Amino acid sequence: MATSNDLLIKQRSVIEFLAAEGCSAANIHTRMKTVYGEMCISHCAVRKRVRIFKGEDPRETRRRSSLRQEFLEQHFFQADRLSRPHCGRDRNSC
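Have a look at this one:
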């Protein structure tokens, strides 16, 4: 039986190979889960390895605050003004 370190090295090799083929991290993890079962590394670890093999910084992720800011800009800001719902009175008095 292979040691856990040997198994980890094998799984990293599989991730590198499949990432080079262009497979997504989710697809790689699903395929590895069928082969390695409970000994498979986590989905987060697969995503991290895929980013590393693609030359990206695995720590660089989109923060919730930036996603929230994008949402606000897309849905509430128009022409540098907060767009408010019409309340039945003069729009400027709301």
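Residue 981 is where the sequence shown starts when you use the working numbering, and the numbers rise one by one after that. Backbone N, C-alpha and C fix where the C-beta goes; we use that ideal spot for every residue, glycine too. Fair warning: this is a prediction, and the values are worked out from it, not measured in the lab.
Taking 6 Å as the limit between beta carbons, can you name the residues of its chain near lysine 1013, skipping five residues before and five after?
Cys1020
Here's a check: name, in chain order, each residue in its chain whose Cβ is nearer than 8 Å to the Cβ of histidine 1023, leaving out the five neighbours to either side.
Ala1005, Ala1006 and His1009
Starting from isoleucine 995 and walking both ways along the alpha helix (DSSP H), at which residues does that stretch end?
984-1001
Return the CA-CA distance between arginine 1031 and valine 1015, expressed in angstroms with no decimal places.
22 Å
I'd like the list of long-range same chain contacts for alanine 999, defined as Cβ closer than 6 Å, with 5 residues on each side in sequence excluded.
Val1030 and Phe1033
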